[in-house]
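Engineer:
Number of protein chains: 2
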Amino acid sequence: MSKGTIGGGGTTMLRRINVASVLDAVRRSAPAPLRVAELVERTGLARPTVAQAVDELLEAGWLQQHGPDSADRSLGRPAIRVSLRGRAAPVLGLDVGPHRVTVGVSDLAGRKLALVRRSGPGWTAQELLGVITDVINEALTEAEVPAEDIAAAVAASPGIVDEHTGRVQLVPSVPGWSAVDLIKHVRGLLDCPVMLDNDANLAALAIAAARGGTGTLLAVQWGERLGAGIVIDGRLHRGTGAAGEIGFIATDTDDVINPDDSRGPLERAVGSEAIAALGRQAALDNPQSRLAELGGEQLDTADVFAAAAERDPVAQAVVQQVARTFARALAPSVLVLDPTAVVIGGGVARAGAVLLDAIADQLRLLTLNHPRLELSALAEDAVVTGAMRMALDEVWQRKLPTPAMTSTT
Amino acid sequence: MSKGTIGGGGTTMLRRINVASVLDAVRRSAPAPLRVAELVERTGLARPTVAQAVDELLEAGWLQQHGPDSADRSLGRPAIRVSLRGRAAPVLGLDVGPHRVTVGVSDLAGRKLALVRRSGPGWTAQELLGVITDVINEALTEAEVPAEDIAAAVAASPGIVDEHTGRVQLVPSVPGWSAVDLIKHVRGLLDCPVMLDNDANLAALAIAAARGGTGTLLAVQWGERLGAGIVIDGRLHRGTGAAGEIGFIATDTDDVINPDDSRGPLERAVGSEAIAALGRQAALDNPQSRLAELGGEQLDTADVFAAAAERDPVAQAVVQQVARTFARALAPSVLVLDPTAVVIGGGVARAGAVLLDAIADQLRLLTLNHPRLELSALAEDAVVTGAMRMALDEVWQRKLPTPAMTSTT
DNA sequence: AGTATTTACGAACGCTCGCTATCTATACTG
DNA sequence: CAGTATAGATAGCGAGCGTTCGTAAATACT
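Protein chains in written order, with the working numbering: chain Y, 1 to 409; chain S, 1 to 409.
#1: Leaving aside the five residues before and after PRO31 of chain Y along the sequence, list all residues of the same chain whose C-beta is less than 6 Å from its C-beta, in chain order.
#2: Under 8 Å, do ILE359 of chain S and PHE326 of chain S count as touching if we go by C-beta distance?
#3: Beta carbons nearer than 8 Å to chain Y: which residues of the stretch 223–256 of chain S have them?
#4: Do you know offhand how far VAL19 of chain Y's Cα is from GLU41 of chain Y's?
#5: Can you look up GLU374 of chain S in the DSSP assignment and give me helix, strand or coil?
#6: For ALA25 of chain S, I'd like the list of residues in its chain whose CB is within less than 6 Å of its CB, leaving aside the five on either flank, ordered along the chain.
#7: Count the CB pairs spanning the stretch 85–94 of chain S and the stretch 153–169 of chain S that are closer than 8 Å, and state whether there are at least three.
#8: For PRO265 of chain S, count the other beta carbons within 10 Å of its own beta carbon; 16 or more makes it buried, fewer makes it exposed. Which is it?
#9: For a contact meaning CB atoms closer than 8 Å, what does ASN369 of chain S contact in chain Y?
#10: Name, going along the chain, the residues of the stretch 307–341 of chain Y whose beta-carbon falls closer than 8 Å to a beta-carbon of chain S.
#11: Determine, using beta-carbon pairs with one atom in the stretch 309–322 of chain Y and one in the stretch 345–357 of chain Y, whether at least three such pairs fall under 8 Å.
#12: What does THR385 of chain S touch in chain Y if you count any residue whose Cβ is under 9 Å from its own?
#13: Are ALA46 of chain S and ALA79 of chain S closer than 8 Å when you measure CB to CB?
#14: Measuring CB atoms only, is the stretch 141–148 of chain Y touching the stretch 101–119 of chain Y, in the sense that at least three cross pairs come out at less than 8 Å?
#15: Going by alpha carbons, who is nearest to THR301 of chain Y out of Y:ALA309, Y:ARG290, Y:ALA277 and Y:ARG324?
#16: Return the Cβ separation of PRO339 of chain Y and THR216 of chain Y in integer angstroms, given the expectation that the two are a contact with Cβ distance under 8 Å.
#17: Could I get the ranges of all uninterrupted beta strand (DSSP E) runs contained in the stretch 189–241 of chain S, with 3 residues as the minimum, in chain order?
#18: Cβ of LEU366 of chain S less than 8 Å from any chain Y Cβ?
#19: Taking one C-beta from the stretch 208–226 of chain Y and one from the stretch 257–272 of chain Y each time, how about it: are there three or more such pairs within less than 8 Å?
#20: Could you pull out every unbroken alpha helix (DSSP H) segment of at least 4 residues lying fully inside the stretch 323–400 of chain S, listed in chain order?
#21: For THR253 of chain S, tell me which candidate among S:ARG268, S:ALA243, S:ILE246 and S:THR240 has the shortest Cα-Cα distance.
#22: Measure how close the beta-carbons of LEU205 of chain S and GLY345 of chain S come, nearest whole angstrom, since I'm counting them as under 8 Å.
#23: Can you name the residues of chain Y whose CB is closer than 9 Å to the CB of LEU14 of chain S?
#24: Nearest CA to the CA of ARG111 of chain Y: which residue from Y:ARG85, Y:ILE230 and Y:LEU75?
#25: Among the residues of its own chain, which have a CB less than 7 Å from the CB of GLU310 of chain S, if the five just before and after it don't count?
#26: Taking the alpha helix (DSSP H) that ARG47 of chain Y belongs to, which residues open and close that run?
#27: Which runs of the alpha helix (DSSP H) fall wholly inside the stretch 92–174 of chain S and span at least 4 residues, in chain order?
#28: Classify THR406 of chain S as helix, strand or coil using the three-state DSSP reduction.
#29: Who are the Cβ neighbours of ASN286 of chain S in its own chain at under 6 Å, not counting the five residues just before and after it?
#30: What residue range does the alpha helix (DSSP H) around SER21 of chain Y cover?
#31: Between the Cα of TRP177 of chain Y and the Cα atoms of Y:VAL186, Y:ARG167 and Y:HIS185, which residue gives the shortest distance?
#32: Can you name, in chain order, every residue of its own chain whose Cβ lies under 8 Å from the Cβ of ASN198 of chain Y, other than the five neighbours on each side?
#33: For THR216 of chain Y, which residues in chain S fall below 7 Å Cβ to Cβ?
#34: Quick check: GLU163 of chain S and GLY241 of chain S, are their CB atoms within less than 8 Å of each other?
#35: Take GLN64 of chain S as the anchor and find which of S:LEU23, S:GLY97 and S:THR49 has the nearest alpha-carbon.
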């Protein structure tokens, strides 16, 4: 248990590997229950081995036994079926935004046990910690899971996150948030491994999990702020910690990263606030337009896209400009990463096809392999879903005694 | 041996794991020989187990035994020491360029056994195949390795490579090269697993291996053409197959990807040919300048950097312009990837600090985490070295019966 | 030079584990 | 009510690892 090369050893290690193999097979087909015969086939192990492993896992509470329930209608003695006992190790995901806190509790199989949101008009850092405590407790109550049972938790925060210290940099809207050790706070509530990551990263993880399979995913979160997460073959790419910060890409007219402004050039150019501003200006310049009718005084980002969808040329021009700026900023990364798909989520994604098609047209001119361009299927819950996902991955990586023999050198 | 989940099984699988563990430990400390006691410590296995594995590996030819040689000067009975027998599975790397073919042969421990280069003034596709055959045979002779012994081979070609078909797209300078199945040709000579990859990718792999450790590396090959390879924690990132094609990034003045031109906008703007052209124009405009003196009629890329190093303001302006264009094109990718280091290789890298500093100054304005900017330590041989490296990785992945339990879903 | 010490190799024993083969249990079919 | 097909439980066998002991080979000390 000391060295790091490989877990090789005696026969007990072998049994641990085989038990893990069985557990992994059950996990892969979750939430469908599996017959023992199927486990034999999938693991390649002998039936007595599988049976023994199943017994052990039932004993330890990782699996639960199903009755020969329902219409299984086949010849012979009905097989007992087992599935993951989700309650064995529930996980918690936490999404902390400047105006909203969301907590989700999920069981091992990925089923949501609870989801609690709370919105507010902007908290101080201290108030926010209190809200987090409340919402976590509320979610635990709703899920009927005692705090001690939580096996792992992941928190999402905007800004650039330092995994090790638990601190966050470049956060707007919440004064004093950078000084808070969020990991420590959550660990005080839960007493389990707690991880912290960027919200865009976690949203990307959720989207990648929903899409399934391998390949490279570039998941853009586009709202007032602009960020992206990169998932390569199911693994998050973090770089040195600040990967995916597309908000700071320079534009044609604005190429300065201002240390005093937590927003970057691209955010200033095409963030939702900027889109609304462009729309207001266009409405002022064209008072007769549909855009001006729709928006009035309080013209919103949604109005711009709505008018564009109604083929208002003024609004379409704004969308074209936004799409062009965005595509030109993103194209180099698409060329370098060559992703399988680019998925756009966040508030601006509600614009739908109007924006997506405009971006696709631009990107087609600027890239070689044109990735699939999609809207995120997960709406607001992407971040919290990704947080639970990462917590689940953590639990599995910890529980499955993988003899990680990965080596690069 | 059928299913893909895990290699779990009986005790014979366990022994294979342990033998692999021993072999892996030897590999990690190559080329230093190891005593059995050290292997016991590193693997965590019992001495008889290690001894048996070593016997087996000696028998199979993977290890070689060293005499109790030289000044080991310690108490007690001298230990026998074993090391990798490189000749057990030598590998071959092949770098095919339009004007040069390079073949390297390496043993298992990564020691170069042979390196043969041949240059020519531009071959047809058919001639090139003949040259490849000749150079491979020459290298095999020099390395004193029969063709049958080669355990894996990797070929590098410029252009965008399709791993599966062995075809290459977007290759300039060699007419008909896209129609050639290079993999098939090499397999006809060697009868072993043959892989094909982009030259920039393989150079990146070599540079990453030389730097060692983990992290994200963006390795730019900058010559007449412009490409990059991305290595993340020792693994190459390919995307859907065309990752790293930075030559096609749009510039401020040129944002069209022309299907008839195999070069991209950035290559047209800052490729070595473009730099020379800028230099010639600047020399014409400023006939009194040091640049005009140095270059004369046949002003070369090297002349531009030489004059700039001598503080000629005209040349420095050219370098500044090149650096600015390059940095602006690369900055979005640096933001998105957030690499540990950016390494520049290829012909233009010979410019040295003059160019590097100018790029660093520009990048500092455009990125958040500023990666280390370095020149490639491996000069011309980076691609061949990377090809051998990948072949070695292939051999190890094949021979070490790793029960890859990596799972993402 | 002889003895003690240190280090490493080698062989025998016992333990655990998984695989093969056989037997029993259960439910549907005719 | 017997026959059959499927699944679960049990016994014996073989393989591999770890522990323990004995032996070999070199150095240090007297």
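Just so you know, even glycine gets a beta-carbon here, dropped at the ideal spot from N, CA and C. These numbers were taken from a predicted model, which means no experiment stands behind them.
Structural biologist: Taking the structure as given:
#1: Contacts found: ALA109.
#2: Taking the C-beta atoms as reference points, PHE326 of chain S is found nearer than 8 Å to ILE359 of chain S.
#3: Hits within the stretch, in order: ALA228, ILE230, ILE232, ASP233, GLY234, ARG235, HIS237, ARG238, GLY239, THR240, GLY241, ALA242, ALA243, GLY244, GLU245, ILE246, PHE248, ILE249, ALA250, ASP252, ASP255 and VAL256.
#4: Straight across, the Cα-Cα distance linking VAL19 of chain Y with GLU41 of chain Y is about 15 Å.
#5: Reduced to three states, the DSSP call for GLU374 of chain S is strand.
#6: LEU39, ARG42 and THR43, listed in sequence order.
#7: With the cut-off at 8 Å, the stretch 85–94 of chain S and the stretch 153–169 of chain S touch.
#8: Buried, because 16 or more other Cβ atoms sit within 10 Å of the Cβ of PRO265 of chain S.
#9: Within 8 Å Cβ-Cβ: GLY239, THR240, GLY241 and ALA242.
#10: Going along the stretch 307–341 of chain Y in chain order, one finds ARG328, ALA329, LEU330, ALA331, PRO332, SER333, LEU335, VAL336, LEU337, ASP338, PRO339 and THR340 with a Cβ nearer than 8 Å to chain S.
#11: As far as the Cβ criterion goes, the stretch 309–322 of chain Y touches the stretch 345–357 of chain Y, which means the pair count is three or higher.
#12: The premise fails here: THR385 of chain S is roughly 15 Å from chain Y at the closest Cβ pair, so nothing lies under 9 Å.
#13: The Cβ atoms of ALA46 of chain S and ALA79 of chain S do not sit closer than 8 Å to each other.
#14: Yes, the stretch 141–148 of chain Y is in contact with the stretch 101–119 of chain Y.
#15: Minimum Cα-Cα distance from THR301 of chain Y among the listed residues Y:ALA309, Y:ARG290, Y:ALA277 and Y:ARG324 corresponds to Y:ALA277.
#16: The pair is a contact, with the Cβ atoms about 4 Å apart (cut-off 8 Å).
#17: DSSP runs (the beta strand (DSSP E)) wholly in the stretch 189–241 of chain S: 194–198, 216–222, 226–232 and 235–237.
#18: Taking CB atoms only, LEU366 of chain S has a neighbour in chain Y less than 8 Å away.
#19: Yes, the stretch 208–226 of chain Y is in contact with the stretch 257–272 of chain Y.
#20: Every unbroken stretch of the alpha helix (DSSP H) spanning 4 or more residues and falling wholly within the stretch 323–400 of chain S is given here in chain order: 353–366 and 382–399.
#21: For the options S:ARG268, S:ALA243, S:ILE246 and S:THR240, the alpha carbon positioned closest to that of THR253 of chain S is the one of S:ARG268.
#22: 12 Å between Cβ atoms; not a contact.
#23: Result: GLY8, GLY9, GLY10, THR11, MET13, LEU14 and ILE17.
#24: Nearest in C-alpha terms to ARG111 of chain Y, of all of Y:ARG85, Y:ILE230 and Y:LEU75, is Y:ARG85.
#25: Only ARG290 meet the Cβ criterion.
#26: Start and end: 47–60.
#27: Segments of the alpha helix (DSSP H) lying fully in the stretch 92–174 of chain S: 125–143.
#28: Low confidence applies to THR406 of chain S: its pLDDT is 31, below 50, so where it sits in the model is not reliable, and the reading given next is rough at best. Three-state result, THR406 of chain S: coil.
#29: For ASN286 of chain S, where only same-chain residues beyond five positions count, the Cβ hits under 6 Å are VAL314.
#30: Judged by DSSP secondary structure, SER21 of chain Y falls within the alpha helix (DSSP H) whose first and last residues are 11–28.
#31: For TRP177 of chain Y, the nearest C-alpha among the options comes from Y:ARG167.
#32: Excluding sequence neighbours, ASN198 of chain Y sits near ALA156, SER157, PRO158, GLY159, ILE160, VAL161, GLY227, GLY229 and GLY244.
#33: Within chain S, the C-beta atoms nearer than 7 Å to that of THR216 of chain Y come from GLY239, in chain order.
#34: It is a contact, given that the beta carbons lie within the stated cut-off.
#35: Nearest C-alpha to GLN64 of chain S: S:LEU23.
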